[in-house]
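Student: Quick one: structure below, then a few questions.
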Amino acid sequence: MLEIKNLAAEIDGKQILKGIDLVVPDGEIHAIMGPNGSGKSTLGYVLAGRNGYTVTAGTATFDGVDILAMEPEQRAAAGLFLAFQYPVELPGVNNANFLRTAMNAQRRTRGEPELNAVEFLKLARAETKRLSMPEDTLKRNVNVGFSGGEKKRNEVLQMELLRPRIAVLDETDSGLDIDALKIVADGVNALRSPGFSAVVITHYQRLLDHLVPDRVHVLANGRIIRSGGPELALALEADGYAAIVAEAA
Amino acid sequence: MNAIRPPSALQQGAQAFLSRYDGLKSSLPGDPGLREAAADLFRAGGLPGAREEAWRYTFLRPVAEVDFHTPLPAPADCTALLARLPAIDAPRLVFADGRYRADLSTPATPAIIATGAPALGPLARPEQDKLVALNTMLAEDGAAITVPAGTDAGTLVLVSLGTGAADRATAFHPRHAVHLAAGSRMTLIEIFLGEGSYLDNPVLSATVEADATLTHLRLQDEAKAAFHLSTVYADVAERGTYDSFALNLGARLSRMEVHARLGGSGAAAHLNAAQLLGGEQHGDFTTVVLHDAPNTQSRQTVKNVLTDRAHGVFQGKIEVNRLAQKTDGYQMNQTLLLSPGAEINAKPQLEIYADDVKCSHGCTVGELDENHLFYLRSRGLSLAEARAMLIRAFLSEALDPIAHDAGRAVLEQAVANWWEQHSV
Numbered sequence: 001m002l003e004i005k006n007l008a009a010e011i012d013g014k015q016i017l018k019g020i021d022l023v024v025p026d027g028e029i030h031a032i033m034g035p036n037g038s039g040k041s042t043l044g045y046v047l048a049g050r051n052g053y054t055v056t057a058g059t060a061t062f063d064g065v066d067i068l069a070m071e072p073e074q075r076a077a078a079g080l081f082l083a084f085q086y087p088v089e090l091p092g093v094n095n096a097n098f099l100r101t102a103m104n105a106q107r108r109t110r111g112e113p114e115l116n117a118v119e120f121l122k123l124a125r126a127e128t129k130r131l132s133m134p135e136d137t138l139k140r141n142v143n144v145g146f147s148g149g150e151k152k153r154n155e156v157l158q159m160e161l162l163r164p165r166i167a168v169l170d171e172t173d174s175g176l177d178i179d180a181l182k183i184v185a186d187g188v189n190a191l192r193s194p195g196f197s198a199v200v201i202t203h204y205q206r207l208l209d210h211l212v213p214d215r216v217h218v219l220a221n222g223r224i225i226r227s228g229g230p231e232l233a234l235a236l237e238a239d240g241y242a243a244i245v246a247e248a249a
Numbered sequence: 250m251n252a253i254r255p256p257s258a259l260q261q262g263a264q265a266f267l268s269r270y271d272g273l274k275s276s277l278p279g280d281p282g283l284r285e286a287a288a289d290l291f292r293a294g295g296l297p298g299a300r301e302e303a304w305r306y307t308f309l310r311p312v313a314e315v316d317f318h319t320p321l322p323a324p325a326d327c328t329a330l331l332a333r334l335p336a337i338d339a340p341r342l343v344f345a346d347g348r349y350r351a352d353l354s355t356p357a358t359p360a361i362i363a364t365g366a367p368a369l370g371p372l373a374r375p376e377q378d379k380l381v382a383l384n385t386m387l388a389e390d391g392a393a394i395t396v397p398a399g400t401d402a403g404t405l406v407l408v409s410l411g412t413g414a415a416d417r418a419t420a421f422h423p424r425h426a427v428h429l430a431a432g433s434r435m436t437l438i439e440i441f442l443g444e445g446s447y448l449d450n451p452v453l454s455a456t457v458e459a460d461a462t463l464t465h466l467r468l469q470d471e472a473k474a475a476f477h478l479s480t481v482y483a484d485v486a487e488r489g490t491y492d493s494f495a496l497n498l499g500a501r502l503s504r505m506e507v508h509a510r511l512g513g514s515g516a517a518a519h520l521n522a523a524q525l526l527g528g529e530q531h532g533d534f535t536t537v538v539l540h541d542a543p544n545t546q547s548r549q550t551v552k553n554v555l556t557d558r559a560h561g562v563f564q565g566k567i568e569v570n571r572l573a574q575k576t577d578g579y580q581m582n583q584t585l586l587l588s589p590g591a592e593i594n595a596k597p598q599l600e601i602y603a604d605d606v607k608c609s610h611g612c613t614v615g616e617l618d619e620n621h622l623f624y625l626r627s628r629g630l631s632l633a634e635a636r637a638m639l640i641r642a643f644l645s646e647a648l649d650p651i652a653h654d655a656g657r658a659v660l661e662q663a664v665a666n667w668w669e670q671h672s673v
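Line by line, the protein sequences are chains C and V.
Each residue of the first sequence is one higher than the one before, starting from 1 at the first, in the working numbering.
Each residue of the second sequence is one higher than the one before, starting from 250 at the first, in the working numbering.
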């Protein structure tokens, strides 16, 4: 279970998160929506441990363990995964080598046996196929020359292979056509289980048609100002954020 | 009032080499006339100093300050060093302290090999290449390797071992010549290893005749207290290729200097390199490519990874002769600085006297990208693993084109070992 209490964070002296309270029980999918600049991506980065953000108040625990005190790789090994809004291109880094190194690094940290090249390729090829990615995906350099949609699917591929216990998907749907959107949603749905939960950051209701959330939260100006069921997303789609933001102010 | 200035360290160092020559010259093999001419040049010019454009960033004072001895006549025990030699399934020639060691060599190759005397040739540019004059003056031994026309000589490993003791530094100046006759091929893998304190000042001249291809892979992994000052001349005839890669990571102070002359239409030279330097190391990779005929091509991708207080130098000169129309020259030099104390001097130079040429060069200096590191760490890689992966990626443009699998594997392993020692 992910528990965030009164979390505040700043970057370059600018306060972005101003007291976030959020509980994501195991097995649930929560959507976070909100206007641009409200702090959605910052929340993802702070949870994953990116440099440059200073937590000024509050806590974030996963199964009772303080994740904010951990290095990014320790958070990953503990089961946290961030799907980046803008996946990084890594020239010279082979995608298969990257994926296998990541899987084995986490396995090592958890005391599990490492995968050899054959075992890895079997798994990776099956997932690549399931996500309808081109066959050369594994041979190419990480995200180099990938279209926007391919990059997002490569994030989902990593998630499928790394099998996190909690995933934060930062606008993984933006830039996707309808077919790709469905593939991404199916990818997350395939992981749905009592041992998996997700925080899905999105601007659009249409992802939530395929990936039905248990809860929807509205983040504005660094705080969660409204929470509700899936119907909240439909209301936002119809009426926009302005009314809710004004009401909260 | 003119006071008489005491001799500088460089002058004293040069004088010591000249005294050595005076003591040895009656016993040195080969043409005494060539030696004497080289000694005259060296006497007049001495060791290169910082006032010379080509030596602005590499100071030889630390070399000049060491009192070098001639290697002892008894053959050194090289067991420990040979155990460190990467396994390559190919014939090898081993030189220890500049002398051929038949007992350690397995020279069964289609190439014709002569040893026991330095392969002295005329100095390419005697007034400029003072270290070549020094080499010519004092060379005791070397390999003369000839590949007959139309022959594929496969792979040959040329090993240089330095066995200097801490209290008795040695200097040696091996002189090799490689001759590929028309339409022949060979891969020459040169490996420099050592222990203790010594100066290795080898010169290798390669002649690549028409339609021949020499692949020249070099691993400079000399002892930490050693000096490595090597010069390669490659002369490439029409449709010939000199395809080289140098990995410069050993020695306290090193300079790998390569001169390639493209002398016939369709000739090509690839002078790729990587320098990995840490601690207080100084490493210099210097190239001069002379496009001396029309329709010639040169490619240089040089990568530097510097950490601690290391100092790297890259100097790359492309000269295009008036007649060398349709020249295609490319040079890229990139540096990763892993710590604030590391320093690079990069100097690309283009001298173009023809009007219909395509020449480009680029130079970048940077650090590892924080976003890249975070991306990898967020997937579970430790900081050291993430850095290793990004450094390897940075080197890939220079390493990946090496088509010789065994040679590339040796170089990859050397990169991995280097990182193991510097990732703390």
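Glycine residues also receive a C-beta, built at the ideal position from the N, C-alpha and C atoms.
Is it buried or exposed for Ile224(C), if we count other Cβ within 10 angstroms and need 16 for buried?
Tutor: Numbered from 1 along the first sequence, position 224 holds the residue referred to as residue 224(C). The residue is buried, with at least 16 neighbouring Cβ atoms inside 10 Å.
Student: Determine whether the Cβ of Arg165(C) lies closer than 8 angstroms to any Cβ atom of chain V.
Tutor: Reading the first sequence from its first residue, position 165 is the one you call residue 165(C). No, Arg165(C) lies away from the interface with chain V (no Cβ there is under 8 angstroms from its Cβ).
Student: Where does Thr355(V) sit, in a helix, a strand or coil, going by DSSP?
Tutor: Numbered from 1 along the second sequence, position 106 holds the residue referred to as residue 355(V). It is a strand residue.
Student: Quick check: what's the CA-CA separation for Asn248(C) versus Ile11(C)?
Tutor: The residue labelled residue 248(C) in the question sits at position 248 within the first sequence. The residue labelled residue 11(C) in the question sits at position 11 within the first sequence. Residue identity check: residue 248(C) is Ala in the sequence provided, not Asn. Straight-line spacing of the CA atoms in Ala248(C) and Ile11(C) works out to 24 angstroms.
Student: Would a C-beta distance cut-off of 8 angstroms place Cys608(V) and Thr576(V) closer than the cut-off?
Tutor: Here residue 608(V) refers to the residue found at position 359 when the second sequence is read from its first residue. Here residue 576(V) refers to the residue found at position 327 when the second sequence is read from its first residue. Yes. Within cutoff.
Student: Assuming Ala363(V) contacts Ala332(V) (C-beta within less than 8 angstroms), just tell me the rounded distance between them.
Tutor: Position 114 of the second sequence holds residue 363(V). Position 83 of the second sequence holds residue 332(V). Not really, about 28 angstroms apart at Cβ, beyond 8 angstroms.
Student: Val23(C): buried (16+ other C-beta within 10 angstroms of its C-beta) or exposed?
Tutor: Taking the first sequence and counting its residues from 1, the one referred to as residue 23(C) is at position 23. If you draw a 10 Å sphere on the C-beta of Val23(C), you find fewer than 16 other C-beta atoms in it, and that means exposed.
Student: Just to confirm my understanding: we take Leu176(C), look at its own chain, exclude 5 residues before and 5 after, and list those with CB closer than 7 angstroms. What are they?
Tutor: Numbered from 1 along the first sequence, position 176 holds the residue referred to as residue 176(C). Result list for Leu176(C): Gly149, Lys152 and Val184, in chain order.
Student: Output the distance between the C-alpha atoms of Tyr482(V) and Ser257(V), rounded to the nearest integer angstrom.
Tutor: The sequence position of residue 482(V) within the second sequence is 233, counting from 1. The sequence position of residue 257(V) within the second sequence is 8, counting from 1. Taking the straight line from one Cα to the other gives about 30 angstroms.
Student: Between which two residues does the alpha helix (DSSP H) carrying Leu572(V) extend?
Tutor: Within the second sequence, numbered from 1, the residue matching residue 572(V) stands at position 323. Taken as a continuous stretch (DSSP letters only), Leu572(V) belongs to no alpha helix (DSSP H), as it is neither H nor E.
Student: If I'm right that Ala83(C) touches Gly629(V) with Cβ under 8 angstroms, what's the distance once you round it to whole angstroms?
Tutor: Looking up residue 83(C) in the first sequence gives position 83. Looking up residue 629(V) in the second sequence gives position 380. At roughly 14 angstroms, the Cβ-Cβ gap does not stay under 8 angstroms, so Ala83(C) and Gly629(V) are not in contact.
Student: Could you tell me whether the Cβ of Thr137(C) comes closer than 8 angstroms to any Cβ of chain V?
Tutor: Counting from 1 along the first sequence, the entry for residue 137(C) is found at position 137. Closer than 8 angstroms to the CB of Thr137(C) there is not a single CB belonging to chain V.
Student: For Ala57(C), go through chain V and note every residue whose CB falls closer than 7 angstroms to its CB, in chain order.
Tutor: Counting from 1 along the first sequence, the entry for residue 57(C) is found at position 57. The CB of Ala57(C) never comes closer than 7 angstroms to any CB in chain V; the least such distance is about 23 angstroms.
Student: Check each candidate in Leu539(V), Phe643(V) and Lys379(V) and name the one with the smallest Cα separation from Leu211(V).
Tutor: For chain V, the structure presents residues 250 to 673; residue 211(V) sits outside this window and is missing.
Student: Would Ile244(C) pass as a contact of Val218(C) if the rule is Cβ separation under 8 angstroms?
Tutor: For this step, residue 244(C) is matched to residue 244 along the first sequence. For this step, residue 218(C) is matched to residue 218 along the first sequence. In contact: Ile244(C) and Val218(C) (Cβ atoms closer than 8 angstroms).
Student: Please find out if some non-hydrogen atom of the ligand PLP comes closer than 7 angstroms to the beta-carbon of Arg636(V).
Tutor: You won't find the ligand PLP in this model; it holds no ligand whatsoever.
Student: List the residues of chain C whose Cβ lies closer than 8 angstroms to the Cβ of Tyr740(V), in chain order.
Tutor: There is no way to answer for residue 740(V), as the model of chain V reaches only from 250 to 673.
Student: For the beta strand (DSSP E) containing Asn553(V), list its first residue and its last residue.
Tutor: Numbered from its first residue, the second sequence carries residue 553(V) at position 304. Segment Gln546 to Leu555, the beta strand (DSSP E) holding Asn553(V).
Student: To which residues does DSSP link Ala398(V) through a beta bridge?
Tutor: Working through the second sequence from its first residue, we reach residue 398(V) at position 149. Ala398(V) pairs with nothing; no bridge assigned.
Student: Does Leu337(V) come out as helix, strand or coil in the three-state DSSP assignment?
Tutor: Counting from 1 along the second sequence, the entry for residue 337(V) is found at position 88. A small fix is needed here, since residue 337(V) is Ile in this sequence, not Leu. Coil at Ile337(V), not helix or strand.
Student: Rounded to whole angstroms, what is the Cα-Cα separation between Thr54(C) and Thr464(V)?
Tutor: Counting from 1 along the first sequence, the entry for residue 54(C) is found at position 54. Counting from 1 along the second sequence, the entry for residue 464(V) is found at position 215. About 53 angstroms.
Student: Using a Cβ-Cβ cut-off of 8 angstroms, state whether Pro72(C) counts as contacting chain V.
Tutor: Translated into the one-based positions of the first sequence, residue 72(C) becomes position 72. For Pro72(C), at least one C-beta of chain V is nearer than 8 angstroms to its own C-beta.
Student: Return the residue from the list Asn450(V), Asp484(V), Val452(V) and Ala418(V) that minimises the CA-CA distance to His428(V).
Tutor: Position 179 of the second sequence, counted from the first residue, corresponds to residue 428(V). If we check each option's Cα against that of His428(V), Asp484(V) comes out closest.
Student: Rounding to the nearest angstrom, what Cα-Cα distance links Asp186(C) and Lys40(C) in this structure?
Tutor: Along the first sequence, read from residue 1 onward, the residue named residue 186(C) stands at position 186. Along the first sequence, read from residue 1 onward, the residue named residue 40(C) stands at position 40. The alpha-carbon atoms of Asp186(C) and Lys40(C) are separated by roughly 23 angstroms.
Student: Could you pull the DSSP bridge partners for Gln15(C) from this structure?
Tutor: What you label residue 15(C) is simply residue 15 of the first sequence in a count that begins at 1. Residue pairing of Gln15(C) in beta bridges, as defined by DSSP: Glu10(C).
Student: I'd like to know if Arg628(V) contacts chain C, where contact means its C-beta is closer than 8 angstroms to some C-beta of that chain.
Tutor: For the purposes of this step, residue 628(V) is identified with residue 379 of the second sequence, where counting begins at 1. For Arg628(V), the answer is yes, since a Cβ of chain C falls inside 8 angstroms of its Cβ.
Student: For a cutoff of 8 angstroms on Cβ pairs, would you count Asn620(V) as touching chain C?
Tutor: Locating residue 620(V) in the second sequence gives position 371, where the first residue counts as 1. For Asn620(V), the answer is yes, since a Cβ of chain C falls inside 8 angstroms of its Cβ.
Student: So Val396(V) and Phe344(V) are in contact, right, with Cβ under 8 angstroms, and what is the actual spacing, rounded?
Tutor: The residue labelled residue 396(V) in the question sits at position 147 within the second sequence. The residue labelled residue 344(V) in the question sits at position 95 within the second sequence. 19 angstroms between Cβ atoms; not a contact.
Student: Quick one: grab the DSSP three-state call for Thr328(V).
Tutor: Start at 1 with the first residue of the second sequence, and residue 328(V) comes out as number 79. Helix.
Student: With a threshold of 8 angstroms between beta carbons, is Thr42(C) in contact with chain V?
Tutor: Along the first sequence, read from residue 1 onward, the residue named residue 42(C) stands at position 42. Not closer than 8 angstroms to any Cβ of chain V, the Cβ of Thr42(C) fails to qualify, so no.
Student: Using only alpha-carbon positions, find the residue among Leu234(C), Pro164(C) and Phe120(C) that is nearest to Arg110(C).
Tutor: As a first step, residue 110(C) must be located in the first sequence, where it is residue number 110. If we check each option's Cα against that of Arg110(C), Pro164(C) comes out closest.
Student: When the Cα atoms are used, what is the spatial distance from Ala287(V) to Phe98(C)?
Tutor: As a first step, residue 287(V) must be located in the second sequence, where it is residue number 38. As a first step, residue 98(C) must be located in the first sequence, where it is residue number 98. Whole-angstrom Cα-Cα distance: 54 angstroms.
Student: Kindly give me the distance between the Cβ atoms of Arg636(V) and Leu648(V), rounded to whole angstroms, as I take these residues to be in contact under 8 angstroms.
Tutor: Taking the first residue of the second sequence as position 1, residue 636(V) is located at position 387. Taking the first residue of the second sequence as position 1, residue 648(V) is located at position 399. The pair is not a contact, with the Cβ atoms about 17 angstroms apart (cut-off 8 angstroms).
Student: Any beta carbon of chain B sitting closer than 8 angstroms to that of Arg100(C)?
Tutor: As a matter of chain content, chain B is missing from the structure shown, whose protein chains are C and V.
Student: DSSP beta-bridge partners for Tyr563(V)?
Tutor: Within the second sequence, residue 563(V) is the residue found at index 314, counting from 1. The sequence given here has Phe at residue 563(V), not Tyr. Looking at the DSSP assignment, Phe563(V) forms a beta bridge with Phe534(V) and Ala595(V).
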